Amino acid sequence: MALRGNLRDFTITQLLNLINLAHKTGTLIVDGPNETAQVAFREGKLAYAAIGQEDNSLATILHKGSKLTANQYLAIKQRSDHVSDKELGLLLINAGYVSQEDILASLQQYFIDITRRLFTWVEGFFRFENDMLPPEDRINIRLDLENLIIEGSRQLREWEQLQDEIPSLEMALKFTDRPGANLRNINLSVEEWRVVSYITPKNTISQIAKATKMNELEIRRIVYGLLQAGLVEIVRPEGAPLPMTSNMFPTQDKEEQKSLVNRLIKRIRSM
Amino acid sequence: MQTVKMVVTGPFSAGKTEFIQSVSEIDVVSTERKISSDGEKMVKEATTVAMDFGRITVDEDLVLYLFGTPGQKRFDFMWEILSEGMLGFIVMVDSARPETFREARGILQTFRAYAPTPYVVAANKQDAEDAWEVDDMRHALRLDSKIKLLPCVATNRKSVKTVLLELLYSILAEMESGG
């Protein structure tokens, strides 16, 4: 039976656990909301990972990890078009630019980062291709999955807590009426500012997530932070149907409505 | 015959069914089922799966219905249906189970978003030995000082009456302020 399904039913953490326990070899392909990720394993150990169109060449990874200077990186990029990662790695080691440990540590960090990003994906489809191995010209690592699984489990708990806090993304946000609060004096991250710029009772949280290209976990995290700081509150989206107010009372006459509430008060007092 | 309704909501095992039972003149039409999850079973044996339903006849022309929402998260699709047309709502919180406060806050926010109607929060099980002080609960639930957070014992009719009356006073105040 092919290992395939929906992330809603089977989380990345559960998949990693299964791959680890079954010592699987192959590639896990995950179609997320905006991009596709491929994570390869050998005998249950993480070997390689790639995501979307992201440049995952060895030179770029080493440069991002501050193992290569900008000039070295540019020179390599311009002159190593036809050199594979394995060949480039050997050249760099022989030239004394980096050590083998540098290369493995940088790749390991990069692959771990990709896997961590997958933990935030709660929507999408996955399949595990048993016979699909990483590209031959790429350097593989061998990383035990246990720590990643523990980290993923923590994130899963966070996800469950965030779902409790923000049960629906079809609600809107509005800034709280706090006379003393000044948004300019509050330190927000770039992502938080992006969300803040879309906050109006007209936009649902899911619309904000779409506009800012955030997944459910990311938008929930930011909204939770803003809620915790008391900057925003959740409101019904403006323009959404309001079935409850129209038929709260059996009468539309304001005086009759008041009389009705007073009768309720009298009755409950007398109980 | 005119009818109005109020909704009693809150996390699993907050005391919603007991609250309605304490004042309903009919036996609460409860849709309780035995709990299958071991974790939840440690808290109580049965839970409401669809809704509780209680009634208070005001006079010949007016009846108040009390609806209790199912507490378990997997039945939250019922919340919006139950909130339709409600006069106001009561959020029950188990004062002795701080681990449910966060969920209670989430439920409160969801209901507020469903319906801009008045509401009160009932700090239930105040008679429990390890119940939190109401003031501490206000901080934990991040409730504004304007929101009524009332000490409550859902099995005590007088206590339940107080909560219902406070909600009605809030409804009346909002009507008088032109809300």
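So the sequences go chain by chain: A and B.
Per the working numbering, residue 1 is the first one in the first sequence, and the count goes up by one each step.
Per the working numbering, residue 1001 is the first one in the second sequence, and the count goes up by one each step.
Glycine is no exception: its CB is placed at the ideal position from the N, C-alpha and C atoms.
This structure is a prediction, so every number in the text was calculated from the model and none was measured.
Determine, using beta carbons only, whether residue i and residue j come nearer to each other than 8 angstroms.
{"i": "S1083(B)", "j": "V1120(B)", "result": "no"}
{"i": "Y97(A)", "j": "L118(A)", "result": "no"}
{"i": "K77(A)", "j": "D137(A)", "result": "no"}
{"i": "V1160(B)", "j": "F1019(B)", "result": "yes"}
{"i": "L1066(B)", "j": "V1008(B)", "result": "yes"}
{"i": "T1155(B)", "j": "S1022(B)", "result": "yes"}
{"i": "T13(A)", "j": "G152(A)", "result": "yes"}
{"i": "D1196(B)", "j": "A1014(B)", "result": "With chain B covering 1001 to 1179 only, the question about residue 1196(B) has no answer from this structure."}
{"i": "L62(A)", "j": "I139(A)", "result": "no"}
{"i": "T176(A)", "j": "E256(A)", "result": "no"}
{"i": "G1068(B)", "j": "K1016(B)", "result": "yes"}
{"i": "I166(A)", "j": "E191(A)", "result": "no"}
{"i": "E43(A)", "j": "V122(A)", "result": "no"}
{"i": "K210(A)", "j": "A172(A)", "result": "no"}
{"i": "A47(A)", "j": "R142(A)", "result": "yes"}
{"i": "M271(A)", "j": "L1087(B)", "result": "no"}
{"i": "P250(A)", "j": "Q1109(B)", "result": "no"}
{"i": "L1168(B)", "j": "I205(A)", "result": "no"}
Determine, for residue i, whether the minimum Cβ-Cβ distance to residues of chain B falls below 8 angstroms.
{"i": "D9(A)", "result": "no"}
{"i": "D164(A)", "result": "yes"}
{"i": "P241(A)", "result": "At P241(A), the pLDDT of 48 sits below 50, so the modelled position is not reliable; the number obtained from the coordinates is stated separately. It does not; no Cβ of chain B falls within 8 angstroms."}
{"i": "R116(A)", "result": "no"}
{"i": "P201(A)", "result": "no"}
{"i": "F175(A)", "result": "no"}
{"i": "I268(A)", "result": "yes"}
{"i": "M132(A)", "result": "no"}
{"i": "R194(A)", "result": "no"}
{"i": "S168(A)", "result": "yes"}
{"i": "M248(A)", "result": "yes"}
{"i": "M271(A)", "result": "yes"}
{"i": "L260(A)", "result": "yes"}
{"i": "R236(A)", "result": "yes"}
{"i": "L264(A)", "result": "yes"}
{"i": "Q257(A)", "result": "yes"}
{"i": "M171(A)", "result": "yes"}
{"i": "M244(A)", "result": "Low confidence applies to M244(A): its pLDDT is 40, below 50, so where it sits in the model is not reliable, and the reading given next is rough at best. Interface residue, yes."}
{"i": "P179(A)", "result": "With a pLDDT of only 49 at P179(A), under the threshold of 50, the placement of this residue in the model should not be trusted; the figure read from the coordinates follows. Not an interface residue."}
Can you name the start and end residues of the alpha helix (DSSP H) that residue i belongs to?
{"i": "T1017(B)", "result": "1016-1023"}
{"i": "V261(A)", "result": "254-270"}
{"i": "Y198(A)", "result": "No alpha helix (DSSP H) contains Y198(A), which DSSP labels as neither H nor E."}
{"i": "H63(A)", "result": "58-64"}
{"i": "D55(A)", "result": "Careful: D55(A) lies outside any alpha helix (DSSP H) and carries neither H nor E."}
{"i": "T13(A)", "result": "12-21"}
Mind checking if residue i is an interface residue toward chain A, Cβ cutoff 8 angstroms exclusive?
{"i": "Q1021(B)", "result": "no"}
{"i": "Q1109(B)", "result": "yes"}
{"i": "L1141(B)", "result": "no"}
{"i": "Y1114(B)", "result": "yes"}
{"i": "M969(B)", "result": "With chain B covering only 1001 through 1179, there is no way to say anything about residue 969(B)."}
{"i": "I1171(B)", "result": "yes"}
{"i": "M1175(B)", "result": "yes"}
{"i": "E1060(B)", "result": "no"}
{"i": "I1056(B)", "result": "yes"}
{"i": "G1068(B)", "result": "no"}
{"i": "R1138(B)", "result": "no"}
{"i": "K1194(B)", "result": "As displayed, chain B neither begins before 1001 nor continues past 1179, which places residue 1194(B) out of reach and without an answer."}
{"i": "K1016(B)", "result": "no"}
{"i": "L1168(B)", "result": "yes"}
{"i": "K1161(B)", "result": "yes"}
{"i": "R1097(B)", "result": "no"}
{"i": "Q1126(B)", "result": "no"}
Could you pull the start and end residues of the beta strand (DSSP E) that residue i belongs to?
{"i": "Y48(A)", "result": "45-51"}
{"i": "R4(A)", "result": "3-6"}
{"i": "R42(A)", "result": "36-42"}
{"i": "T27(A)", "result": "26-31"}
So if DSSP puts residue i in a beta bridge, which residue, or which two residues, is it bridged to?
{"i": "V1063(B)", "result": "T1003(B), T1057(B)"}
{"i": "K174(A)", "result": "E233(A)"}
{"i": "V83(A)", "result": "Paired residues: none, contrary to the question."}
{"i": "V1008(B)", "result": "G1068(B), I1090(B)"}
The ligand ADP and residue i: does the residue's C-beta get closer than 7 angstroms to at least one heavy atom of that ligand?
{"i": "M171(A)", "result": "Within the structure as shown, the ligand ADP is missing, as the structure has no ligands at all."}
Name the chain C residues whose beta carbon is nearer than 8 angstroms to that of residue i?
{"i": "Q161(A)", "result": "Among the protein chains of the structure shown, namely A and B, there is no chain C."}
Segments assigned alpha helix (DSSP H), at least 4 residues, entirely inside the segment 107-168 of chain A: 146-165
Contained alpha helix (DSSP H) runs [length at least 4] in the segment 1085-1163 of chain B, N- to C-terminal order: 1101-1114, 1134-1140
Continuous alpha helix (DSSP H) assignments of at least 4 residues falling wholly in the segment 199-235 of chain A: 205-211, 216-228
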